[in-house]
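Structure first, then comments.
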Amino acid sequence: MTETEMILNAAREQNRKTLSEFESARLLAAFGIPTVKGILAQNLEEVKKAAEGIGYPVVLKLCSPEVSHKTESGLVALDLRDEADLELAFRRINGSSPVKDADYLVQEMVKGGRELVVGMVRDPQFGPCVMFGLGGIFTEVLGDVTFRPAPLDESDAMEMLMEIRGNKILGAVRGMEAVDLDSLVQCLMAMGKIGTAHEEIQAIDVNPLIVKGSSPVAVDALVILNTSS
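Numbering of the sequence shown is given in my numbering, commencing with residue 1 and proceeding in unit increments.
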């Protein structure tokens with residue numbers, strides 16, 4: 001049994017509608033999508049050890065399949081520079097958590113001047129469709145996204161990159177090097193593979209996919225399951 005199958009089977013046995021962010025990242029990584037380094041922890045001491053292992057600065061998030069919109073709920077702390085910052089953030093998040101005995105996800109702090117969004121949605125008519133566009137706050141504000149039915153080949157994926165209105169952001173702009181388009185293409189093709197291989201996955205949202213240097217890295221991921229499958 002593959003790691004992806006084990007993750008999905010565990011969620012199915014618990015009759016869950018979503019994967020946790022940690023599970024979502026493991027699933028994406030299994031298909032070759034670059035993901036930020038992250039360690040799951042259950043208490044403050046484990047959180048501290050995880051941060052030491054990753055190296056500061058770090059990000060701390062509540063991690064539970066029951067909580068999808070963590071940022072809006074104040075359950076994410078960014079750019080924590082030392083143990084004092086980390087402990088303060090832990091106590092704030094722990095006090096705000098709507099879930100008893102939730103886990104915590106410690107991640108490497110990834111910075112980049114460009115944020116993209118990639119994903120997959122299962123359409124009743126067209127089946128699994130891959131999404132690509134501008135990410136972060138611009139996803140909802142600008143709505144600059146494009147879709148393709150899966151599976152994708154390299155030419156399909158490259159066409160998607162060029163279809164968004166803001167495609168110039170993928171080039172060398174404001175002192176930033178051009179985005180590794182081949183890596184982006186592989187991300188989109190992998191999204192299509194996930195959609196065609198696993199009918200129980202209803203949707204995937206990776207937002208943001210931060211461009212670190214020239215390389216895209218998934219720093220936040222949500223996988224929604226089709227409980228009727």
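Virtual Cβ for every residue (Gly too), placed ideally from N, Cα, C.
- Query: Straight-line CA distance for D205 to V118?
  - Reply: Computed Cα separation, rounded: 6 Å.
- Please report the residue range of the alpha helix (DSSP H) in which M191 lies. For M191, the enclosing alpha helix (DSSP H) begins and ends at L181 to A197.
- Task: Specify the secondary structure class of M120 as computed by DSSP and reduced to three states.
- Result: Under the three-state reduction of DSSP output, M120 falls in the strand class.
- Query: Of all the options N9, D85 and K168, which has the alpha carbon lying nearest to the alpha carbon of V106?
  - Reply: Considering only alpha carbons, the answer is D85.
- State the beta-bridge partners of Y56 as determined by DSSP. Y56 pairs with nothing; no bridge assigned.
- From M176 to M189, what does the alpha carbon distance come to, in whole angstroms? Counting only the Cα atoms, M189 lies some 25 Å from M176.
- Task: Please specify which runs of the alpha helix (DSSP H), each continuous and at least 4 residues long, are wholly inside the stretch 12-45, giving them in chain order.
- Result: Counting whole runs of 4 or more residues, the stretch 12-45 contains the alpha helix (DSSP H) stretches 21-30.
- Message: Count Cβ pairs between the stretch 118-128 and the stretch 89-107 that sit closer than 8 Å; are there 3 or more?
- Response: No, they do not touch.
- Task: Going by CA-CA distance only, name the one from F132, K111 and R114 that's closest to V249.
- Result: This structure leaves residue 249 out entirely; the chain is present only between 1 and 229.
- Query: Roughly how many angstroms lie between the CA atoms of R148 and E66, to the nearest whole one?
  - Reply: Between the alpha carbons of R148 and E66 lies a distance of about 30 Å.
- Are the CB atoms of G135 and N43 nearer to each other than 8 Å? Not in contact: G135 and N43 (Cβ atoms no closer than 8 Å).
- Message: Less than 8 Å between the C-beta atoms of A11 and L62, yes or no?
- Response: No.
- Item | Residue burial classification, H69 (beta-carbon count within 10 angstroms, cutoff 16) | That one is exposed.
- Does any heavy atom of the ligand COA sit closer than 7 Å to the C-beta of N207? With respect to the ligand COA, the structure offers nothing, as it holds no ligand at all.
- Task: Verify whether the separation of the beta carbon atoms of I210 and E115 is less than 8 Å.
- Result: It is a contact, given that the beta carbons lie within the stated cut-off.
- Beta-bridge partners of L62, as assigned by DSSP: In the DSSP assignment, L62 forms a beta bridge with Y104.
- Query: P149 bridges to which residues according to DSSP?
  - Reply: In DSSP, P149 forms a bridge with C129.
- Quick one: give me the first and last residue of the beta strand (DSSP E) that I210 is part of. Taken as a continuous stretch (DSSP letters only), the beta strand (DSSP E) holding I210 covers I201 to K212.
- Message: Can you tell me where the beta strand (DSSP E) holding A77 begins and where it ends?
- Response: Unbroken beta strand (DSSP E) run through A77: V76 to L80.
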